[in-house]
Amino acid sequence: MTRVRSRLSVYALINVAIIAALVVMLYPLIWMLSASFKTGYEIFHSLSLLPQAPTLDNYISGWTALRLPFGVFFMNSVVLCAAAVLGNTISCTLAAFAFARLRFPLKRVLFAVMLMTIMLPFHATIVPQFVLYEHLGWVGTILPIVAPKFLAVDAFFVFLLVQFIRNIPTSLDDAAKIDGCGPFRLFYWVILPLLTPALATTAIFTFIFTWNDFFSQLLYLGNSVSSYTVPVALRAFIDATSLSSWPQTLAMSLLSLLPIIGFFMAFQRLLVEGISTTGLKG
Amino acid sequence: MSEAAREGIAAYLFLLPWLVGLFGLTLGPMLASLLLSFTHYDLLSPPRWVGLRNFQLLLSDDRYLHAVRVTLTYVVLEVPLKLAFALLLAVVLNRGLRAVGLYRALFYVPSLLGGSAAIAILWRQIFGGDGMANMVLASLGWRHPPAWLQDPGYALYTLVALGVWQFGSPMVIFLAGIRQIPREFYDAARVDGAGRVSQFFRLTLPLLTPLILFNFILQMVYAFQTFTPAFIVSGGNGSPVDSTLFYTLYLYNEAFGNLHMGYGAAMAWILLVVIAFSTAAVFASSRYWVF
Chain A
1 MTRVRSRLSV YALINVAIIA ALVVMLYPLI WMLSASFKTG YEIFHSLSLL PQAPTLDNYI
61 SGWTALRLPF GVFFMNSVVL CAAAVLGNTI SCTLAAFAFA RLRFPLKRVL FAVMLMTIML
121 PFHATIVPQF VLYEHLGWVG TILPIVAPKF LAVDAFFVFL LVQFIRNIPT SLDDAAKIDG
181 CGPFRLFYWV ILPLLTPALA TTAIFTFIFT WNDFFSQLLY LGNSVSSYTV PVALRAFIDA
241 TSLSSWPQTL AMSLLSLLPI IGFFMAFQRL LVEGISTTGL KG
Chain B
283 MSEAAREGIA AYLFLLPWLV GLFGLTLGPM LASLLLSFTH YDLLSPPRWV GLRNFQLLLS
343 DDRYLHAVRV TLTYVVLEVP LKLAFALLLA VVLNRGLRAV GLYRALFYVP SLLGGSAAIA
403 ILWRQIFGGD GMANMVLASL GWRHPPAWLQ DPGYALYTLV ALGVWQFGSP MVIFLAGIRQ
463 IPREFYDAAR VDGAGRVSQF FRLTLPLLTP LILFNFILQM VYAFQTFTPA FIVSGGNGSP
523 VDSTLFYTLY LYNEAFGNLH MGYGAAMAWI LLVVIAFSTA AVFASSRYWV F
């Protein structure tokens, strides 16, 4: 009996400790939410999480604080992310199918090269890529960010999809071959319909990474306000404005996180399983 | 045409976009980057061959050497601390808690958001001299806490904290690994009289070493490339007094700010070689500690 009771209290104690740790960890985010409804004075003078007089002013004035309204930057980010998702899902799936299911010369070498490019720091290629895009007249457009997605440069997703396709029983292929299916019909009618979960994982992570990606958007889209994406606009915000605008800055920063939080809440299980099995970055 | 030949042709058609990307956007630019590193190039006039001059200049560039120190300090502190937290929480979360799914998701939230400009901005507010952290510390009785991100003695460590805060993604991987360990192993250990602590050190930890290796390399490669938080909290220049001048930040400013493309390419290649050697060294060491 005492043993059972001590078990129970240990269990309760662990839960309390975990919740305490979570509160400390998530406190900055909760504070950010509350601060976005406070006045500037209150942010720097009160620790209370409940704003004295909650106001939407920060959102309203923050939305139009730059030369163009934030809606433009959100639209730019959405277009960029949608194009990136489309590119990654198509190109990575095609390559993954070949690696997972087809026999071809140099397969082992190319697969090893593909794996190595996953670990490659993107700085190794960034200078000549910039020069290339500059000569093509692409700097200032989304093409330098989107075109690589249509060429499966994010090899990580190729790897993720290869792993997934390898788990689909090959007996399906054999049946399809007996029915006279070549590689193309095998891909389109047999493998592709079974890939939905992996495609969703690829699409969601591509969206999140592209949404958060700062370096390349700063580099390629940072020169003209009309091409700003959300992260680049946030950066312009802290550059252009003084301390007095912290409330607006925090309000816009919070807005910029909402799409990611939304996706996470909707697809939490899928995403966490995806990380567990393949070790996504973050 | 034989069936094998047809399959081979089909395979290369499927691989075509990837191959174009591999040669046109990865291998080609890598080679071009290597060549550029031996030139002086400002994007306006054609590249001029200067031999090893960029590399010689780097070795006598105090800001560059400082950026190397900042980045190494960050990697050496951030990666082990992050993995330690990840492992600790994974072990605790695995103790049959009912809400483990919810806890796991909540601990993952910082990893999901942490790389964004928005969170770096939040960090800049919280750890400013008059930010939220110091208001909390003052209310706890610490009258004159440091100004964190505005203090060159603390700025880098404040960014280490931002990195460690994102321990959720290695934690999720560890948790998945712990669940693969058969229960019978623990039953057998208990029969042999092993307590919780010795179960962890003699059973859980050795069986997790392959995942520790995996997470270590992954996190190390990312840590070397840290850019966004340093750029945002320092306003792009590595301030205060270069204390957050990360390698990639200096590279960005040299290559794209000052248009020293050759110099930037040389820095990029050194980074590539350092990351490759570090990864190889960790792999080589693994035969002594991976189970």
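So the sequences go chain by chain: A and B.
Under this note's numbering, read the first sequence as residues 1 to 282, first letter to last.
Under this note's numbering, read the second sequence as residues 283 to 573, first letter to last.
Built from N, CA and C at the ideal position, the CB exists for glycine as well.
Name the chain B residues that come within less than 9 Å of A:D239, Cβ to Cβ?
Neighbours of A:D239 on chain B, chain order: G517, G518.
For chain B, is any of its Cβ atoms less than 7 Å away from the one on A:F104?
So, interface residue.
Label B:G475 either buried or exposed according to how many other C-beta atoms from any shown protein chain fall within 10 Å of its C-beta, with 16 as the threshold for buried.
Looking at its Cβ environment, which holds fewer than 16 other Cβ atoms inside 10 Å, B:G475 is exposed.
According to DSSP, residues forming a beta bridge with A:V139
The partner list for A:V139 (beta bridge, DSSP) reads A:T141.
From the DSSP output, in three-state form, read off A:T196 for me.
Here A:T196 sits in helix by DSSP.
Classify A:T201: buried if its beta carbon has 16 or more other beta carbons within 10 angstroms, exposed otherwise.
Buried: at least 16 other Cβ atoms inside 10 Å.
Beta carbon proximity, A:N212 to chain B, threshold 7 Å:
Closer than 7 Å: yes.
Out of A:P193, A:Y228, A:A65, A:V158, which has the shortest C-alpha to C-alpha gap to B:L301?
Here the closest residue by C-alpha is A:V158.
Would a C-beta distance cut-off of 7 Å place B:R393 and B:G450 closer than the cut-off?
At residue 393 of chain B the sequence reads Ser, which differs from the Arg that was named. Going by C-beta atoms, B:S393 is nearer than 7 Å to B:G450.
By how many angstroms is the C-alpha of A:F214 removed from the C-alpha of B:F528?
Approximately 15 Å, taken between the alpha carbons.
So if I threshold CB-CB distances at 9 Å, which residues from the stretch 535-565 of chain B count as touching chain A?
So the list reads A537, F538, M543, G544, G546, A547, M549, A550, W551, L553, L554, I557, A558, T561, given in the order they occur along the chain.
Does DSSP put B:H542 in a helix, in a strand, or in coil?
Coil.
Contact between the stretch 359-377 of chain B and the stretch 446-461 of chain B is defined here as three or more beta-carbon pairs at a separation below 8 Å; is this criterion met?
Taking 8 Å as the limit for Cβ pairs, the verdict is that the stretch 446-461 of chain B does touch the stretch 359-377 of chain B.
Alpha helix (DSSP H) containing A:I38: first to last residue?
Checking the displayed sequence, the identity of residue 38 of chain A turns out to be Lys instead of Ile. Annotation: A:K38 is outside any alpha helix (DSSP H) and is labelled neither H nor E by DSSP.
Taking C-beta pairs closer than 8 Å, name the residues in chain D that A:G182 reaches, listed in chain order.
Protein chains A and B are contained in the structure displayed, whereas chain D is not.
Buried versus exposed, by CB contacts within 10 Å (16 or more), A:I178:
Under this definition A:I178 is an exposed residue.
Mapping DSSP to helix, strand and coil, what is B:T321?
In this structure, B:T321 counts as strand in the three-state DSSP scheme.
Please compile the residues from chain A whose C-beta is within a distance smaller than 7 Å of the C-beta of B:S568.
Within chain A, no C-beta atom comes less than 7 Å from the C-beta of B:S568; the nearest is roughly 15 Å away.
Coarse secondary structure for B:W574, derived from DSSP in three states
In the structure as shown, chain B starts at 283 and stops at 573, and residue 574 of chain B therefore has no counterpart that could be examined.
Do A:T125 and B:P488 have their C-beta atoms within less than 7 Å of each other?
No, these two residues do not count as a Cβ contact at 7 Å.
How would you list, in chain order, the residues of chain B whose beta-carbon sits under 8 Å from the beta-carbon of A:T117?
The CB of A:T117 comes closer than 8 Å to the CB of L304, T308 in chain B, given here in chain order.
Between which two residues does the alpha helix (DSSP H) containing B:V574 stretch?
Because residue 574 of chain B is not part of the residues shown, which for chain B are 283 to 573, the question remains open.
Residue burial classification, B:W331 (beta-carbon count within 10 angstroms, cutoff 16):
By the neighbour-count criterion, in which a residue is buried when 16 or more other Cβ atoms sit within 10 angstroms of its Cβ, B:W331 is exposed.
Per-residue contacts from A:Q268 into chain B (C-beta, under 7 Å)
Chain B residues near A:Q268: A387.
Under 9 Å from the C-beta of B:Q481: neighbouring residues of chain A
Residues of chain A passing the Cβ test: none, with the nearest at roughly 15 Å.
Would you please verify whether the beta carbon of A:S91 is less than 7 Å from any beta carbon of chain B?
Interface residue, yes.
Please tell me whether A:F207 has its Cβ less than 7 Å away from any Cβ of chain B.
With 7 Å as the cut-off, A:F207 does not count as an interface residue toward chain B.
Compare the Cα-Cα distances from B:G396 to each of B:T510, B:R569, B:Y532 and report the closest residue.
Of the candidates B:T510, B:R569, B:Y532, the one whose C-alpha sits nearest the C-alpha of B:G396 is B:T510.
Have a look at A:R7 and A:M116 and give me their C-alpha separation to the nearest angstrom.
Roughly 48 Å separates the two Cα atoms.
Compare the Cα-Cα distances from A:L56 to each of A:L258, A:F264, A:Q248 and report the closest residue.
Measuring C-alpha to C-alpha distances from A:L56 to each of A:L258, A:F264, A:Q248 identifies A:Q248 as the nearest.
Could you give the residue range of the alpha helix (DSSP H) that holds B:R299?
A small correction: the amino acid at residue 299 of chain B is Pro; Arg does not occupy that position in the sequence shown. Taken as a continuous stretch (DSSP letters only), the alpha helix (DSSP H) holding B:P299 covers 285-303.
Is the CB of B:S398 under 7 Å away from at least one CB in chain A?
At least one chain A Cβ lies under 7 Å of B:S398.
Could you confirm whether any beta carbon from chain A is found closer than 7 Å to the beta carbon of B:L404?
So yes, B:L404 belongs to the interface.
Short Cβ contact (7 Å threshold) for A:T206 with A:N88
Yes, they are a contact pair.
Could you tell me which residues DSSP puts in a beta bridge with B:R330?
The bridge partners DSSP lists for B:R330 are B:H322.
Just to check my reading of the structure: B:L388 and A:I14 have Cβ atoms closer than 8 Å, yes? What is that Cβ distance to the nearest angstrom?
Rounded, the Cβ-Cβ distance is 15 Å, inconsistent with contact.
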